[in-house]
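Trainee: Before I ask anything, let me first share the structure, which is written out below as structure tokens.
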Amino acid sequence: MIDLRSDTVTKPTPAMRRAMAEAEVGDDVYQEDPTVNRLEALAAQVMGKEAGLFVPTGTMGNTIGLTVHTQHGQEVICEARSHVLDWELSMMAWFAGCLARAIPTATGQMRWEEIQREIRPVGPHAAPTGLISVENTHNVSGGTVYPLEQLAEIKRGAESYGLAVHMDGARFFHAVTALNVAPAEIAQYADTVMFCLSKGLGAPAGSMLVGTQAQMDKGRLLRKRLGGGMRQAGVLAAAGLVALEQMRGRLGEDHANAAYLAGALAELPGIAVEPYAGTNIVFFDVSGTGRTGAQMAQELLAAGVVMNAMGPNRLRAVTHFDVDRAGCEEAVGILRKLLHN
Ligand code: TLP
């Protein structure tokens, strides 16, 4: 099976498995797990923030991130197709007690003028704005990356209203790789950043939230309340350390494979590839083949290629280290054969 459904499907590397087996552990609810403590310190240092918090999933990291900054009854401004709104089971209503104020965009990046228009006036009718949440890279827009200047403008504007910015950086290091900048250069434009260790970086589980010490102290309590106090979590954090130390540098390979896929798929009859954004996600429309996305995914599956249908006619391919260039070429070959049958 050539599995291009997501970079979440990556299996831990041999180095991760060794690190997990040998991890020094303690009870992390008492903050006594040395491996978790090391990972949290490293994440903070890499991102140029005061403190970090190890969480089981990106969803929990975003949930805590949003809740740290807001109060019940507030609004969170986010992009209309963002993961925090569309893919996290309405967590911002369920846990943070907030409503989303969604801004539709063409490619996933909001502009400050658009955000500013949606900040609620203080008064007897409107729910106050509590937070701005940005997604970088933007998943369902095809892994698109925020230009630094656009983020800087959002952060400056947010500060002028006394608002915080949270970044859903599930694929933060893909943005870092695409822009070829230091992580802190992007992270400086958000108060809190969530990034996933378990996507392109290959750890079996785990994400990080980073921000100020006070935010992470509050976040630690929220994590416990959500059931995320993981005790001897060092076995997972050990893999996370390998992910953060050794796997960031190779994401360019995944980007090159995605660029190859975007180019090769565009040459197939009936396939319309969406503009390639320079990271590890490729979306394409299959209406021209006379099939729905679900039908195409089904046929591909039977032929040994797994991709997710996202929307009635859209398929998504995500590159990662468990599928190399030869695997990508084989996937294209299989699709070509299906379309010529
Ligand atoms: N994304 C998954 C699915 O949920 C769609 C994927 O396969 O891409 N933020 C963003 C931008 C994400 O893409 C994801 C996962 C998350 C948050 C949530 O991370 P997890 O799955 O660890 O809760």
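In case it helps, the numbering used here puts the sequence shown at residues 706 to 1046.
Positions of the beta carbon are idealized from the N, C-alpha and C atoms, including for glycine.
Buried or exposed for Lys716, please, with buried defined as at least 16 other CB atoms from any protein chain shown within 10 angstroms of its CB.
Mentor: Exposed, by the Cβ-count rule.
Trainee: Taking the alpha-carbon of Ala938 as reference, which of Ala863, Glu737 and Leu804 has the nearest alpha-carbon?
Mentor: When each option's Cα is compared against that of Ala938, the closest is Glu737.
Trainee: Can you give the Cα-Cα distance for Leu771 and Gly835, rounded to whole angstroms?
Mentor: If I take the Cα positions, the gap works out to 9 Å.
Trainee: For ligand 1, I want to know if Ser846 counts as a neighbour, meaning its beta carbon is within less than 7 Å of at least one of the ligand's heavy atoms.
Mentor: Result no, Cβ not under 7 Å from ligand 1.
Trainee: Do you know whose CA, among Phe900, Thr994 and Thr842, lies nearest Ala977's CA?
Mentor: Taking only the C-alpha atoms, the option nearest Ala977 is Thr994.
Trainee: I'd like to know whether the C-beta atoms of Val734 and Gly934 end up nearer to each other than 8 Å.
Mentor: Contact flag set, yes.
Trainee: Classify Leu949 as helix, strand or coil using the three-state DSSP reduction.
Mentor: Three-state DSSP puts Leu949 in a helix.
Trainee: Look up His1025 in the DSSP assignment and say whether it is helix, strand or coil.
Mentor: Here His1025 sits in coil by DSSP.
Trainee: Just the C-alpha distance for Gly932 and His788, rounded to the nearest angstrom, thanks.
Mentor: C-alpha separation (whole angstroms): 21 Å.
Trainee: Between Ala798 and Ala895, what straight-line distance do the alpha-carbon atoms span, to the nearest angstrom?
Mentor: Looking at the two C-alpha atoms, the distance is approximately 22 Å.
Trainee: Where do the N-terminal and C-terminal ends of the alpha helix (DSSP H) with Gly1069 fall, by residue?
Mentor: One cannot answer for residue 1069 here, as it falls past the ends of the chain, which runs 706 to 1046.
Trainee: Using a Cβ-Cβ cutoff of less than 6 Å, which residues in the same chain neighbour Leu970 once the five nearest sequence positions on both sides are dropped?
Mentor: Correct list, in chain order: Ile976, Val978 and Phe989.
Trainee: Could you give the distance in angstroms between the alpha-carbon of Ala746 and the alpha-carbon of Thr917?
Mentor: Distance between the alpha carbons of Ala746 and Thr917: 12 Å.
Trainee: For the beta strand (DSSP E) holding Thr897, just list the boundary residues, first then last.
Mentor: Thr897 to Cys901 is the span of the beta strand (DSSP E), which, as asked, contains Thr897.
Trainee: Label Val827 either buried or exposed according to how many other C-beta atoms from any shown protein chain fall within 10 Å of its C-beta, with 16 as the threshold for buried.
Mentor: The residue is exposed, with fewer than 16 neighbouring Cβ atoms inside 10 Å.
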